[in-house]
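Student: Numbering (my numbering), first residue to last: 2 to 131.
Think of the CB as a built atom: it goes at the ideal place given N, C-alpha and C, for glycine as much as any other residue.
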Amino acid sequence: MVDAVDDGCDCGKCFACGGECCKSFCIDICPPKDLDDFEDLKWYLFHKGVNVCLNKDGSWEVDTAIPCMHLDEKNGCRIYSERPPVCRDYTLEECEDEDYAEVFRAPEDIDAYVEKLRKEGKLKPGRIFK
Ligand code: SF4
Ligand code: SF4
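1) What residue range is occupied by the uninterrupted beta strand (DSSP E) comprising residue 72?
2) Compare the Cα-Cα distances from residue 29 to each of 55, 49 and 109 and report the closest residue.
3) Is DSSP giving residue 5 helix, strand or coil here?
4) Given 8 Å as the limit, is there contact between the segment 55-69 and the segment 27-43, that is, 3 or more CB pairs closer than that?
5) Rounding to the nearest angstrom, what Cα-Cα distance links residue 69 and residue 24 in this structure?
6) If you reduce the DSSP assignment to three classes, tell me which class residue 88 lands in.
7) At which residues does the beta strand (DSSP E) containing residue 105 begin and terminate?
8) Since residue 62 sits in a beta bridge, which residues does DSSP pair it with?
9) Confirm the yes/no value for this check: CB of residue 15, any heavy atom of ligand 1, distance under 7 Å.
Following this line, the structure appears as structure tokens:
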């Protein structure tokens, strides 16, 4: 969470947002290269609260809707002065830039995407062509 006061920002976006960036975390994953990789993505989606996201720059990530244990009832950070670097380095610009090309919320979404690749001729048996 960006601290609107400490960071000299008075746009109020973090207060209005309610600390969304502290209620989940993302992990970068390797882009899927073949059908087995897509099956692995479906496995991520067997887990409740997990989304798989394709970013507009072509990178992929797993997004887990698990809140940080240090988020308080008012959506503030209990350890703000000692928060880890990943929180210190996160900027409002980064959060506003978050723009996904695709968000997969269920295994069926992956099947539909693979079918779309197949129809577009981007898939041959077992492989994706860039
Ligand atoms: S940095 Fe972005 S996601 Fe995080 S609290 Fe502020 S507006 Fe919300
Ligand atoms: S440590 Fe604080 S700023 Fe970082 S995710 Fe947790 S609540 Fe948010």
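Tutor: According to the structure data:
1) Position 71 of the sequence shown, counted from the first residue, corresponds to residue 72. No beta strand (DSSP E) contains residue 72, which DSSP labels as neither H nor E.
2) In the sequence shown, residue 29 corresponds to position 28, counting from 1. Checked all of 55, 49 and 109; the closest Cα to residue 29 is 55.
3) What you label residue 5 is simply residue 4 of the sequence shown in a count that begins at 1. Caution applies to residue 5, whose pLDDT of 47 falls short of 50 and renders its modelled position unreliable; the model cannot decide the point.
4) yes
5) Walking along the sequence shown from the start, residue 69 turns up at place 68. Walking along the sequence shown from the start, residue 24 turns up at place 23. Their backbone Cα atoms lie some 6 Å apart in a straight line.
6) By one-based count along the sequence shown, residue 88 stands at place 87. Residue state, collapsed to three classes: helix.
7) The count along the sequence shown starts at 1 and reaches residue 105 at position 104. Element bounds for residue 105: 101-105.
8) Within the sequence shown, residue 62 is the residue found at index 61, counting from 1. Listed as beta-bridge partners of residue 62 by DSSP are 29 and 54.
9) Along the sequence shown, one-based indexing puts residue 15 at 14. Yes - ligand 1 has a heavy atom lying nearer than 7 Å to the Cβ of residue 15.
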